[in-house]
Structure formats: C-alpha cells, structure tokens
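Trainee: Line by line, the protein sequences give chains A and B.
When you line the first sequence up against the numbering used here, it's residues 1 to 67, in that order.
When you line the second sequence up against the numbering used here, it's residues 1001 to 1227, in that order.
We treat Cβ as the ideally placed atom computed from N, Cα and C, and that holds for glycine.
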Amino acid sequence: MSIEEGAKFVAAAYAVILAVLVLYYFISARRVNTLRRDVAAARAGSPAAPGRGRRGRRRVSRRRLRR
Amino acid sequence: MKQLISAPALFVGAGICLVGGLLLAFLYAPVDASSMGFSQKIFYYHAPIAETALLAFGIAFVAAIAYLRTQNPKWDRLGVVCVRLGLLFSLLVMITGMIWGKAAWDAWWAWEPRLTTFLLVCFLYIAYLVLRSVVEEEQRRATYAAVFAIIAFIDVPITFFATRFLPEGLHPVVIGSGGSGMEGSMLVSFFISMLGMTLLLVALIRRDLAVEDLKDRVADLKHSIGG
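1) Looking at the secondary structure, which residues open and close the alpha helix (DSSP H) in which B/L1010 lies?
2) Establish whether the CB of B/W1100 and some CB of chain A are separated by less than 8 Å.
3) Taking DSSP as the reference, what is the three-state secondary structure of B/V1121?
4) Report the three-state DSSP secondary structure of B/S1193 (helix, strand or coil).
5) On the three-pair Cβ rule with 8 Å, is the region 1057-1064 of chain B touching the region 1019-1036 of chain B?
6) Counting C-beta neighbours from all protein chains within 10 Å, is the total for B/T1070 16 or more, i.e. buried, or is it exposed?
7) I want to verify the contact list: residues of chain A whose CB lies under 7 Å from the CB of B/R1217, in sequence order.
8) Mind checking which residues open and close the alpha helix (DSSP H) that includes B/M1228?
9) State the Cα-Cα distance for the pair B/Y1067 and B/L1214, rounded to the nearest angstrom.
10) Taking B/W1105 as the reference, give the member of B/E1138, B/S1039 and B/L1124 with the closest Cα.
11) Are the C-beta of B/L1119 and some C-beta of chain A separated by less than 8 Å?
12) Closer than 8 Å by beta-carbon distance: list the chain B residues that pair up with A/A13, in chain order.
13) Going straight from the alpha carbon of B/L1199 to that of A/S2, what length do you get?
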C-alpha cells in the first residue's frame, strides 16, 4: 500500500476519534450547564423552575393577571 | 484525595500526552515495514483506546463488587459512569478498527476471536444500560446492575487474551512474552498515547461523576420543593 493510500485511512481514523471526542465533550458540557441552571432555579424556590431551562420562572403578563 | 489532581489539570495532561504521542507517531516512529505500511499509524491511538475501554469496564467491575459489599450509591454511580465511557471508547475502537481492517486486510469486518469477543463485550454493556433503564426502584436497580456488571466482565479478560489463546486470528499480540516486535521509537509513541488515553479516561470519569452528583442534587431539590 502506498503512503498516499495509507494516509487516507489514517486521516479518516483520526478524524473520527477527534469528532467523537469533541462531540462527547460538548454534549457533556451542555448537560452540566443545564443541570447547574436547574440547581440555581430550584434553590431560588420556584416549584416549577427545575427543568424549565434558561428562563426559569415563567412571567405572567399583567393583562392575564387581571383576568 | 478527590481534589488531589483537578479535572482541568487531567484534561491538560491528557491533551499534552495525546498530541505528543501523535507527533512522535508521525515524526519519530518509522513507517511499518510490513504490508500495512503507513496505515499502521492508526495503531498509536487504536490500541490505547481499546486498552482504555477495557480498563473502564474493569473499574466498573471493581465498583460493582464494592457496591454489593457496602451498598453505597457512590459505587453504583462510578459503575454506570465507567460503563458509559467504556462504551464510548469501544465505539471509537470499533470504527478505527474497521478503517484499519479495510486498509490492512481489505475487509471492514472479520469474525475473528478478538473482534467477535470485543463485539460481545459491547453488547453485554449495552444490555447493562438497558437493564438500568427498565428497573425503577433505585436500590434494586443498583444491585441488579452490579451483579450484571460482574457477569459481563467475564468477557473482558477473554477479549484481552484472545490473541494469545487463539493466535490463528488476524490481530497481532501487541506486547507478549517475547517482547512487542516493535522498534523502540514505536514503543515510546505507543506508551505516551496510552498514558494520554488513560488520563483522558480518568478526567472524563471525574467530570461525569460531577454530572451525576449534580443530577442527584437537582432530584433532591425537586423532591424537597415538591414535598
């Protein structure tokens, strides 16, 4: 097998390793951020807050409250 | 002990070793003289990833025994984290192995002892995760999972020693009783990559344990707010 041919296989293998590890890192980092937000929201004392995501407690408009 | 080496330091150490190992593999180690030629360079990450996957399953085995002895949930958490990471590394081994197989044997897959037993390891640990997902009660889930992890581990040494017990397979013995058959520069590159992968595994275990800890805290807080 020539070096050029071998290099294609080697590049493919290392690209897969890099892609999978980077993907795992970002998925893991996203999970950590979501959980940290959930902890902060739960500590703030809102019963519905955990799991709701970035905004935490839902805001209710004044018009809706008047009804 | 937990704070002896921080997770970022481990990630940095792993990165340095992995990049160093890769540079040595391409710039220092010679091109393999056999028919594999340049494609043999896949070996410098493929083999360490495989060893690391088996190491992760080994830690899960130890954690399972520790859980059954102590009933402490921290061992259950360590077990599930190691199995997940072991499967991640196994996925990488399978893909890189198939690419290397195509280059070396002109076949994506061969039913030879090492590949077949490794595939069986993957299926067993996927079954471990499935088992965990179907049992709802926490303590029972941890006990069943620990017992299953001990049983599943039986296939790990079989996979490791498959090339030694059944030498007619396609996989070579990397380091056997008669040495490695590799040049010194190849061995240096291999061991540095191996160290890098092991550090990466330890760093990922620590990170994932922290995630599991956060999950528990969220569940506790939800429970305390709800109750």
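Mentor: In short:
1) A1007 to L1027
2) yes
3) helix
4) Secondary structure at B/S1193: helix, using DSSP grouped into helix, strand and coil.
5) no
6) exposed
7) V39
8) Residue 1228 of chain B lies beyond the range of chain B shown here (1001 to 1227); nothing can be said about it.
9) 20 Å
10) B/S1039
11) Chain A contact via Cβ: absent.
12) I1042, Y1045, H1046, I1095, T1096, I1099 and W1100
13) Cα-Cα distance, rounded: 34 Å.
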